[in-house]
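The structure appears right after this line, and notes come after that.
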Amino acid sequence: MNTPLVSRRGFLQSVGAFGIGLSCGWRGSPLLRADDTVVQPAGKRLIVRTADPFNAEGVVDKLLSNWITPLESFYVRNHGPTPHLVTAEHQLSIEGLVDRPLKLSIAELLQKFPKYQTTATLTCAGNRRNEFQGPKIGGVQWGTGAVGNAQWSGVTLAAVLRHVGLQNGARHVWFEGADIIKDKAESYPFGGSIPLEKVLDVDAALPQALLATHMNDQPLTAEHGAPLRTIVPGYIGARSVKWLNRIVVSDRPSPNHYLAHAYKLIADEKLATIEAAEPIYEIAINSIAAAPAADAAKDTGDITLRGWALPGGKTGSTIKRVEISTDDGQSWKAAQIGTPNQAACWAFWSVPIARGSQSVWVRATDSTGLTQPREMVWNAKGYQYNAWQQLKLSQGN
Ligand SMILES: Nc1nc2c(c(=O)[nH]1)N[C@H]1C(S)=C(S)[C@@H](COP(=O)(O)O)O[C@H]1N2
Ligand SMILES: [Mo]
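In terms of my numbering, the sequence shown opens at residue 321 and continues consecutively.
Here is the structure:
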């Protein structure tokens with residue numbers, strides 16, 4: 321596991337870089353290429369959506385085979401080139417409205433603060449973008465696989481902030497990554513912020529905002545943010561900043577593009593519209609089903625349909641029920657949850673359906689009462705698609 325990536329301005333290329341064999345993952349031996357703009361992560365089995373920057377999603381069947389997503393199936397969402405940072409040289413700076421600004425190495429961070437591990441599902445706000453009806457939306461054309469569940473370990477952000485001391489007026493915590501995104505006119509690091517309230521919501525039973533160094537008990541790989549990233553359970557993936565090198569405590573939200581402009585639900589892309597809209601923080605409740613295996617037709621009796629359901633991002637929210645309908649939403653049947661069902665994590669479900677069903681709808685409801693809409697209101701950036709999913713079943717099922 322975790323074979324080191326080629327960290328020199330490299331030449332190791334996978335066929336994925338050329339967009340070949342998209343739906344069957346990466347096959348074949350690495351190719352040599354003079355151009356060094358993309359260094360593919362080793363061992364990934366993903367559907368590549370864009371090679372540069374690298375954006376790739378998990379395959380639904382694979383995702384449903386483990387409640388904890390193995391690294392090889394875990395999606396990657398990059399806005400710029402993947403930095404290849406040296407752990408021993410990395411520094412995290414903590415500044416702003418704090419009593420004692422601090423610079424810490426990774427070793428110091430892990431020595432100074434208690435270790436903390438939590439399980440949380442990460443999902444991109446753009447997951448399911450390709451299901452939007454209406455005007456074509458730009459951006460990565462995600463299917464349903466920009467989601468994964470991992471065990472994250474490191475230290476809690478709350479412990480670090482308590483250590484540096486919060487000053488009056490502190491309301492938001494800004495994060496900045498080491499990747500530089502080149503826009504038309506300017507270059508800036510990826511960043512964002514979360515409300516301090518979220519960080520200090522420290523009921524021990526609930527997953528907390530984390531400065532993570534490990535994913536599934538392995539050091540973070542380069543593409544997932546090595547050597548340090550934030551993990552904000554319940555919030556959209558964009559708030560979990562990779563390659564973290566700077567934290568600023570402030571009285572206001574971050575001015576970084578990815579908080580102040582991107583990741584908002586907007587009807588059009590006029591500057592006034594963008595500026596008036598609130599940043600997205602919490603994950604939308606969602607659920608999807610996998611198509612039954614092709615050979616399900618050979619079995620007798622019912623077919624088992626299965627999928628995942630993800631609660632909305634409100635603190636402590638869990639999946640309350642998952643239902644399926646084979647009569648276009650007139651009647652619903654409850655599915656069984658077959659995995660842990662805990663805050664900030666997806667739950668896997670299954671339900672028998674009659675052979676011969678033509679189409680099935682899936683919807684979930686969480687413990688805060690949030691449920692999925694039948695239809696999704698279009699938004700200009702294609703975020704948070706969470707309408708009931710319709711699966712057309714092939715003949716023979
Ligand atoms: N520094 C940095 N952090 C980042 C991003 C990025 O491009 N740069 N992408 C964000 C987005 S939009 C998502 S959905 C998650 C994806 O995390 P993953 O690639 O580990 O799955 O990382 C977030 N953190
Ligand atoms: Mo994302």
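Note that CB positions come from ideal geometry on N, CA and C, so glycine has one too.
Note that the structure is a prediction, hence the values are computed from the model and not measured.
Range of the contiguous beta strand (DSSP E) that encloses residue i
| i | result |
| --- | --- |
| Y436 | 436-443 |
| I388 | Note, I388: premise wrong, no beta strand (DSSP E); not H, not E. |
| A684 | 679-686 |
| L630 | 623-630 |
| I457 | Looking at the DSSP string, I457 is not in any beta strand (DSSP E), and its letter there is neither H nor E. |
| H492 | 492-502 |
| L579 | No beta strand (DSSP E) holds L579; the alpha helix (DSSP H) holding it covers 577-580. |
| L526 | L526 -> no beta strand (DSSP E), and no H or E assigned at all. |
| L564 | 564-570 |
| G416 | 411-416 |
| R675 | It is not in any beta strand (DSSP E) - R675 carries neither H nor E in the DSSP assignment. |
Proximity to residue i [Cα-Cα], best of the options
| i | options | result |
| --- | --- | --- |
| R482 | A592, G497, N606, I414 | I414 |
| V418 | G489, L383, G363 | G489 |
| A609 | G363, S385, R365 | S385 |
| P401 | W387, T370, P421, L383 | T370 |
| S425 | A597, I673, E409 | E409 |
| L520 | D537, L713, A542, L477 | L477 |
| T407 | E428, T389, N398, G416 | E428 |
| H404 | A596, N536, S473, H544 | H544 |
| T685 | R694, Q650, N706, V642 | V642 |
| I396 | R420, I500, Q411, K364 | Inspection of the sequence shows that residue 396 is occupied by Val rather than by Ile. With distances taken between Cα atoms, V396 lies closest to K364. |
| A654 | K634, R675, G627, G676 | G627 |
| E589 | L430, I457, P390 | I457 |
| Q656 | I603, T541, A629 | A629 |
| Y555 | P527, A707, D571 | P527 |
| G649 | T659, G557, Q709 | Q709 |
| L585 | S570, V697, V569, G621 | V697 |
| A542 | D499, I603, L422 | D499 |
| G676 | K712, G512, F394, V484 | K712 |
| P390 | K435, M535, Q461 | M535 |
| S687 | K634, P515, S651 | K634 |
| G416 | D571, I603, P455, K504 | D571 |
Cα-Cα separation between residue i and residue j, rounded to whole angstroms
| i | j | result |
| --- | --- | --- |
| F433 | P573 | 26 Å |
| T646 | W681 | 7 Å |
| N699 | A587 | 5 Å |
| G463 | E392 | 18 Å |
| P539 | A611 | 34 Å |
| G468 | V368 | 16 Å |
| S349 | P553 | Since pLDDT at S349 reaches only 28, below the 50 mark, its modelled position is unreliable, and no value is offered. |
| I600 | Y583 | 6 Å |
| G459 | A445 | 11 Å |
| L625 | G632 | 23 Å |
| L366 | K382 | 10 Å |
| S679 | L486 | 54 Å |
| V358 | G465 | For V358, the predicted structure reports a pLDDT of 40, less than 50, and the residue's modelled location is therefore unreliable. A value from the coordinates is still provided. C-alpha separation (whole angstroms): 22 Å. |
| Q437 | G636 | 17 Å |
| V480 | A376 | 32 Å |
| S282 | R683 | Residue 282 lies beyond the range of the chain shown here (321 to 717); nothing can be said about it. |
| Q471 | I388 | 7 Å |
| L591 | L548 | 33 Å |
| E517 | R491 | 7 Å |
| D537 | A597 | 38 Å |
| R694 | N706 | 9 Å |
| Y578 | G512 | 6 Å |
| V484 | V522 | 17 Å |
| I501 | G557 | 17 Å |
| S714 | N661 | 30 Å |
| V569 | T659 | 38 Å |
| S473 | P421 | 24 Å |
| K423 | A525 | 30 Å |
| I514 | N565 | 16 Å |
| D622 | S651 | 18 Å |
| R347 | G689 | With a pLDDT of 30 at R347, under the threshold of 50, the modelled position of that residue is not reliable, and the figure given next carries that caveat. Approximately 44 Å, taken between the alpha carbons. |
First through last residue of the alpha helix (DSSP H) which encompasses residue i
| i | result |
| --- | --- |
| Q431 | 426-432 |
| V484 | 477-484 |
| I594 | 591-596 |
| V519 | 516-519 |
Supposed close pair residue i, residue j - CB separation, criterion 8 Å
| i | j | result |
| --- | --- | --- |
| Q692 | N606 | 7 Å |
| I594 | H581 | 5 Å |
| I673 | I644 | 7 Å |
| H399 | P373 | 6 Å |
| L430 | V475 | 7 Å |
Heavy atom of ligand 4 within 7 Å of residue i beta-carbon
| i | result |
| --- | --- |
| D503 | This structure simply doesn't include ligand 4; it includes ligand 1 and ligand 2 instead. |
Between the segment 683-703 and the segment 435-450, do three or more beta carbon pairs fall short of 8 Å? yes
Between the segment 497-511 and the segment 531-540, do three or more beta carbon pairs fall short of 8 Å? Using a Cβ-Cβ distance cut-off of 8 Å, the segment 497-511 and the segment 531-540 are not in contact, since fewer than three pairs of beta carbons, one from each stretch, lie closer than that value.
Should the segment 655-671 be regarded as contacting the segment 437-445, the criterion being three or more beta carbon pairs within less than 8 Å? Yes, the segment 655-671 is in contact with the segment 437-445.
Is the number of C-beta pairs between the segment 485-499 and the segment 558-567 that are closer than 8 Å three or more? yes
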